[in-house]
Structure formats: structure tokens, C-alpha cells
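Visitor: Submitted below is the structure of interest, expressed as C-alpha cells.
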Amino acid sequence: MAEYPRAEHILNESTEVPTGRLGIWWFLASEVVIFGGLIATYVLFRWQHPEWAAEASHTLNFAGALNTMVLLTSSLTVVLAHAAITEGKFQLAARNLGFTLLGGAIFMGVKAYEYSHEIAAGFVPARSLFWSFYYTMTGLHALHVLGGMIAIATVLVAVRKGHAPQRVEYVGLYWHFVDIVWIFLFPLLYLAS
Amino acid sequence: MSTAAIAHPKSFWREYVFSTDHKTIAKQYLSTGIFMALVGGLLAYVMRMQLAYPGQAIPGYGTIDPQSYNAVVTMHGTIMIFWVAMPILLAAFGNFLIPLMIGAADMAFPRLNMLSYWIFFLSTVVLLASFFVPGGAAAGGWTSYPPLSGSAAYSGGQWGVTLWLLAVAMEFAAFLMGGINFITTAINNRAPGMKLFDMPLMVWMQLGASIIFLFSVGPLIAGAVMLILDRVAATGFYNPATGGDPILFQHLFWFFGHPEVYVILLPGFGAVAEVLPVFSRKPFFGYRMMVYATIITGVLSFIVWAHHQFIAGIDPRLATAFSITTILISVPIAVMTFAFIATLYKGSIELKTPMLFALGTLVVFLLGGVTGIHLGTAATDIYLHDTYFVVAHFHYTLIPPVFFGFFAAWYYWFPKMFGRMLNEGLGKAHFWLTFIFMHVTFIPMFLLGFGGHHRRISNPQFFEAMQGPEAERLQIIATAGAIGILLSQIPFVVNSVLSLLRGAKAPANPWQANTLEWTVPSPPPHGNFETVPQVYRGPYEYSVPDRVDDWFPQDAKV
Ligand code: HEM
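Listed in order, the protein sequences are those of chains R and S. Counting from 10, one number per residue, gives the positions in the first sequence under my numbering. Counting from 16, one number per residue, gives the positions in the second sequence under my numbering.
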């Protein structure tokens, strides 16, 4: 079979948007509907169950607030990483990605503390529908945080070696998404009591 | 995009197994899909034999108890939709055709593409394994409604439904990856000169299907997670005893499930749209109208879902609203059908095998669509719901894209895929036998449905209305037809195998078609195009006046 040299136009970008960025945006669109479906379902139930307010008062508001701050800060450092990479400062970008990773790790640690505290107090998933939603939504979100951390760690390794600068933007977009989902979950599950 | 991803593979493993070449991945999806079609077809045979001769031993299977019958129905539906229709129509032909038709060397993300296939492969293994676990495969219907599916006590065993959910979730993940790839590639990697409105309709249809899938599947993924938790973590999302709501799952399922019908239909229609102009030597009638109709169908498909729940206890005012949107969606679909028919008008029609299957798609789908009017109207649906009228109706709408659309694509693109021509005589025999037996199978089902035969019932004779010799005769005719359909696939298999081995070598452009895939050798080499094609015109310029050739390739200068 004839062998052609690699056709260069795979890089042809008909819309002048980098292909990777386009892919990430479509990926995020698919994630939005997953969380969208879950959040919409929760809100419709919550409407019919004003008594869930009492259950929600058992969530740990200070832990939630702390985590919100941690996550927002880690979004800031990812922006700083992106700013650094556009100036060609790979090591600075890597350091900022490191801070973001740290933020993710703290978030997961606090979440683990919350879960164990709540479970010890008898607030298990099967206790009531509110807690089922609480664990499903925060659990799915935590999985996304974990996935984001793995992605960031991979990019960090590449960036330190001076590779793949465009990927900083892509993991950054994803990290913002994870952050925004939390911004919805925090008031819905913790504060609305 | 790194060069490494599309550099020529060296080892056997990289070339045929863990390949990143979109053409190899297409063939992997295709062969898995065809294998699963065989499994799904054999399950259909088991059901039909049981319905015609309840309680008697089925040759090759033995007797079947009600619980196993439920599992067979469930797995037949699941396999045909998720493991046959989607991998073949969307993944196989989308993967093969999108880069070739838009003049790209490969998909935008070749490694993601490979990952998508292997996750799909894993999901296939999990699904097939679920036949052999204690309690048997899932038996809650392909819709897997709770409370039936929500508790092990109702659904046979703990394992069947859980594995089913796991397999379906992995399948969705695979198709999300594939869909993101399709969308990004079609939007961003078109050859220079190819504007969006120069893309062949097949690419539009694949794009439309991928976008519809991507926006509809999310809520069901969430719903499936909740269902898994109901089963394994004792939550009560769908259990009224704990304040949950079983109807919630129906909403989440059909918010996806109905758009899914169009996810399957559109690529089938895409194949028809490519075949018709080539075999009538005429430009496609109303290309832009077709694109707009696709978009409108996509949008409307998101607001029809509750027509599956007319008798589930939803608010009657809501039922009226959904009746209206349901009838409304037949408008863009009718536009497509008229565009197809108008394309044929006064063309020089050549009834080659791909053309026969394309026309078959239209004829069968028309019958499916017309019977949908009865079901879309809430008043008549209340009587017909969950009868064999519904079973016949959705087979009349699904078989056109899945069977006839696939075969139109198979006979049309086989030379490009494998570099060999198929035999016309065997192809025509395959078409006519399949076409005739399709009606022999499903027309009796309409009549049985009117007579009150419920679907998903292992023995129709539980019902008085189904006990007479008349009903029995119809059951036997339908079963004979089903066996006929299965046997009619023999010419297809013989034809394909013989042609692969000894068929005439296919030239680059055997049908004298315009689209870019016909400008490269058959089969196309790794990397597809020797030089980047430059596109000058739309895909359907046939019989242009003042030209010697009656076709005008998209990349031909002047
Ligand atoms: C050889 C051709 C086929 C025959 C004879 C056949 C036969 C049947 C029968 C008899 C049932 C109803 C069983 C019952 O309710 O008791 C059924 C259900 C179903 N079929 Fe087919 N079928 C065929 C092909 C297909 C194809 C190509 C598709 C889709 C792509 C398909 C999709 C379905 C679905 C979704 C169900 C519903 C399953 C459920 O109730 O959960 N079938 N089929």
C-alpha cells in the first residue's frame, strides 16, 4: 500500500480556533448536561420538600466555605500558570500548576473529613433522599476534581520539560468548570437550610 | 496534535489492534457491530419462536421460561440499539467517512478515537458476560424502568442489571469521546476551500447526530448513576417509599431516548442522501433545506420525550403539549423525505444495489412514520400503548436506518473500504429477500397489536383475545418472516466474503461520484491524501450543462 507523507493539513483549522480548545469546549458541554440533569432533578425535588432544610443544616458550612475558597484560589493559580506560559515562562507555569494541585489535594482532604464526620453522625446516603443527593452530587464532583488533578499532574510534568504549552489552557478550562460546578453545589446543598 | 499520532504504524499491534487510523477503527467498530447484530438477531429468533409456539422447545435453544424471555427481550433491544445501530451507523461510517469526505488525514484526536473503541469493546464484553451471571441478564426492558430495575428482587438477580448499567455507561463514555472527535473534526479540519455548506450531507448528519447525542445523554448518565446507587447503596431516588419517584427515571431516560432515535436515523438518512444523487445523476434537491431540517429535527427532538409517558400519569395538559411537538417533528422529517423524492424526479435512475437499499429505506420509513401518527396522538395511544402495534411501529422506523441504511452504505462504500467490488446479483437478491420478509414479519404485528397483544409477554395465550386460530396464524406468519429475514442475510455474507477474497479490484471512483473520498485510491492509504485537496464546489454537481463528464468532483479545478 502506498505510503504518503503525513498530510500537513491535519493542522488546518477551518475556524481559526485551535482544535484542542474546540475539543475541550465540546467536552465541557457534555459535562454541563450531566451536572445540569442532576442539579435540575435535585432542585425540583427540593421544591416539593421544604423539610429538607432541616437535613441540610447538618452539613458543615465552615468546611464547605473553606473548600470554596480553596477551589477559587486554585482557579486563580491556574490562570497565573496560563499567563506565565503565554510569556514562555515554563517553570513559573509549572510552579503555579503545582499550587493548583495542592489546592485540589486540600479540597479532597477537607471533603474526606466531612464525609467521615457526617457518616459517623449517622448521615449516610440511605438516611434520606436529601443525603442521597448530597453524596451523589458531591461525590460525582469529587471524582471530577480527582480527574482534573490527574490531568494537571500530567501537564505539569510535560510543561517542566518545556513541552505542550497549549495544554495549560485546556486543563485550566476544565479546572474552571469543576470550580463553577462547586459554586452551584455549595449554596444548593450547604447554605439553603 | 503531535506528528507521532498519525505517523505510520510499525508493528502488527499498532497497525491492526491498537491502531489510531480512523479507517482501521471504523472497521473495528463495524466488525463488532456486525457480530452483535448476529447475537441480537438470534435473540429475535428465540422470541419469535416462543410467541408462535409457546412452551415448545426452540430448535437450538430449548424451552424458555418467562424470566428468561424477559431477559431475551431486554437484551435484544439493548443490543440492537446500543451495540448495533450506534457502532455501525455512527461510529463505523462516521469514522471512516468524516475525514475522507472533508479532506483530512485523520480524526482531530486519533488517540482519543482509539480509546473510544477500546472502551466500547470492553462494554461489549461486560454486556455479553451478563448473560452468564447468577440470575441471568437484565430483564427490565431496554428502557430499564424502576421499580423493576431498581431492586434485585424484581429483576432476577443482583448482577444482571448492575452489569447492564455498567456496560451502558461505558458505551456512553465511548460514544461521547467519539462524538467530541466527530464534531471537532468536522468543524475544524476541513480541507481548504470547503465551507460548512460544501460538506456532504453524510457529514452534516453525523455532526447533527453527535451533537444531539452529546446534549441528550448527560441527564441519563446522571439518572443511571442514581439507579446504580439505588441498587448497591440502598438510596431511594426512584422508590416512592423513601420519597423518591419512579417517573423521574422515565423523564431522564426519554429525554435521552427520544433524541437517540434521531441519533440513529440521521446517519442512515445521510447514507441515503449520498446514494440518491449518484444513482440518479442529479444534484441533491434542496441541500440547504436538508441541513436546516436536520437542525430543526435536532432541536425539536429535545421537547418530545414525554410522548412515551402518556399513560404514566403525567398531567393531561402536558400530554397535549407533547402531542403537538410530536406531530410537529414530522414536519422536518417530511421535508427530508420530500427532498429525497424530489432528487429522484426526472433523474436517470440506475437501480444498483446501493440505490435499491436507499429506496427501501424511504419506503419502509414512510410506513413507520405514518403509523407514528396513531401513537403520537395521546387519545389513540392510550389504547395502543405497549401493544405489538408499538413493536411493529418502531421496527418500521428503526429497521430503515439500521438495516436498509446500513446496507445502502455497505454496498456503496465497500469498494472504498476494502478495495473490492461486490457482486450485483447477490446484492439484489439480498435486497429483495430482506425487503419482502421485513413486511411478512411486521405487518402481522400491527394486526396483532390492534387485537390487543401486549409486548414483553412471554406467552400471548395468557390473553383471551390471542387464543383463537386467527391470532395464532398471524403469530406463525410473523415468525416465518423473522426466520426469512435471518436467512436472507446469507447472500450478504456470501457476497461479502467472496468479494473480499476474489472480488474485482475496485477503481478509485467506481460510481463516478463527486465527494472527496472517491479521489483517493481504494482502499485509501494511511494519511488518506497525497497532497492536501483544494475544494472548489459543493458535493452534488451532477449533469452540469456544457461538461463532458456528468460528474464534477469537489476538488476538480474548473
Ligand atoms: C430480524 C429482525 C427483528 C425481529 C424479528 C425483531 C423482533 C422483535 C420482537 C418480537 C420484539 C418484541 C418482544 C416483546 O415485546 O415481547 C422486539 C423488541 C425490540 N426490538 Fe426487535 N426485532 C428485529 C430487529 C430489530 C432491530 C434492527 C432493532 C433496532 C435497531 C430492534 C429493536 C428492538 C427494540 C428496541 C425492542 C424493544 C425491547 C424491549 O421491549 O425492551 N429490533 N423485536
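Ideal placement from N, C-alpha and C gives every residue a C-beta, glycine not left out.
Run the proximity test for V406/S: is its beta-carbon closer than 7 Å to any non-hydrogen atom belonging to the ligand HEM?
Guide: Yes - the ligand HEM has a heavy atom lying nearer than 7 Å to the Cβ of V406/S.
Visitor: Just the chain S side, please: which residues come within less than 8 Å of G93/R by C-beta, in chain order?
Guide: This sequence places Ala at residue 93/R; Gly is not what is there. Against chain S, the beta carbon of A93/R has no neighbour under 8 Å; the closest one sits roughly 23 Å away.
Visitor: Determine, for W213/R, whether the minimum Cβ-Cβ distance to residues of chain S falls below 8 Å.
Guide: Here chain R covers residues 10 to 202 and nothing more, so residue 213/R does not appear.
Visitor: Mapping DSSP to helix, strand and coil, what is R435/S?
Guide: strand
Visitor: Have a look at the DSSP bridge pairing and note the partners of G77/S.
Guide: For G77/S, which the question treats as bridged, DSSP gives the partners I73/S.
Visitor: At a threshold of 7 Å, does L281/S count as lining the ligand HEM (C-beta to nearest heavy atom)?
Guide: No - the ligand HEM has no heavy atom lying nearer than 7 Å to the Cβ of L281/S.
Visitor: Of the choices V54/S, S83/S, F50/S, L127/S, whose alpha-carbon is the least far from that of T35/S?
Guide: L127/S
Visitor: With a threshold of 7 Å, establish whether the CB of F108/S neighbours any heavy atom of the ligand HEM.
Guide: no
Visitor: Taking only runs that begin and end inside the segment 358-423 of chain S, name each unbroken alpha helix (DSSP H) of 4 or more residues, in chain order.
Guide: 368-391, 393-399, 403-414
Visitor: Give the straight-line distance between the Cα atoms of I6/R and L81/R, rounded to the nearest whole angstrom.
Guide: Summary: the structure shown does not reach residue 6/R, with chain R confined to residues 10 through 202, and so no result is reported for it.
Visitor: Quick check for students: name the residue ranges of the alpha helix (DSSP H) that lie wholly in the segment 40-105 of chain S, counting only runs of 4 or more.
Guide: 81-93
Visitor: Looking at the unbroken alpha helix (DSSP H) that takes in M220/S, where does it start and where does it end?
Guide: Unbroken alpha helix (DSSP H) run through M220/S: 216-247.
Visitor: Indicate the three-state DSSP secondary structure (helix, strand or coil) for K170/R in the structure shown.
Guide: coil
Visitor: Have a look at M95/S and I451/S and give me their C-alpha separation to the nearest angstrom.
Guide: Going from the Cα of M95/S to the Cα of I451/S covers about 21 Å.
Visitor: Terminal residues of the continuous alpha helix (DSSP H) containing D260/S?
Guide: D260/S -> no alpha helix (DSSP H), and no H or E assigned at all.
Visitor: Taking Cβ-Cβ distances below 8 Å as the criterion, which residues of the segment 238-251 of chain S are in contact with chain R?
Guide: G238, V240, M241, L244, A248, A249, T250, G251
Visitor: Three-state secondary structure (DSSP) at K572/S?
Guide: coil
Visitor: Please state if the CB of M460/S and the CB of V379/S are separated by a distance shorter than 8 Å.
Guide: no
Visitor: Under 8 Å, Cβ to Cβ, is there at least one residue of chain S near G131/R?
Guide: no
Visitor: So which residues on chain R does I318/S lean against when the C-beta distance must stay under 9 Å?
Guide: What I318/S touches in chain R: nothing, since even the nearest Cβ is about 15 Å away.
Visitor: With a threshold of 8 Å between beta carbons, is R435/S in contact with chain R?
Guide: no
Visitor: For a contact meaning CB atoms closer than 8 Å, what does H58/R contact in chain S?
Guide: G258
Visitor: Tell me whether K520/S sits in a helix, a strand or coil according to DSSP, three-state version.
Guide: Here K520/S sits in strand by DSSP.
Visitor: Taking 7 Å as the line, does the beta carbon of L489/S fall inside it for any heavy atom of the ligand HEM?
Guide: Every heavy atom of the ligand HEM is 7 Å or more from the Cβ of L489/S, so no.
Visitor: Relative to the ligand HEM, is the shortest distance from any of its heavy atoms to the C-beta of T456/S smaller than 7 Å?
Guide: yes
Visitor: Based on the DSSP secondary-structure assignment, which residues constitute the bridge partners of H469/S?
Guide: T402/S
Visitor: Note down, in chain order, every chain S residue with its Cβ under 9 Å from the Cβ of V26/R.
Guide: I202, N203
Visitor: Is G301/S close to chain R, meaning its C-beta is less than 8 Å from at least one C-beta of that chain?
Guide: False, the Cβ-Cβ gap to chain R never drops below 8 Å.
Visitor: Can V417/S and A206/S be called in contact, C-beta distance under 8 Å?
Guide: no
Visitor: What does T50/R reach in chain S if we use C-beta pairs closer than 9 Å?
Guide: Think of a sphere of 9 Å around the beta carbon of T50/R: the chain S residues whose beta carbon falls inside it are P234, A237, G238, M241, F252, L263, H266, L267, in chain order.
Visitor: DSSP on A168/S, reduced to helix/strand/coil?
Guide: coil
Visitor: Is the CB of F146/S under 8 Å away from at least one CB in chain R?
Guide: no
Visitor: Below 8 Å, can you find three or more Cβ-Cβ pairs linking the segment 283-290 of chain S to the segment 209-228 of chain S?
Guide: yes
Visitor: With 8 Å as the threshold, decide whether the Cβ of A321/S is near any Cβ in chain R.
Guide: Taking CB atoms only, A321/S has no neighbour in chain R less than 8 Å away.
Visitor: Can you tell me whether M95/S sits near the ligand HEM, meaning its C-beta is under 7 Å from at least one heavy atom of the ligand?
Guide: yes
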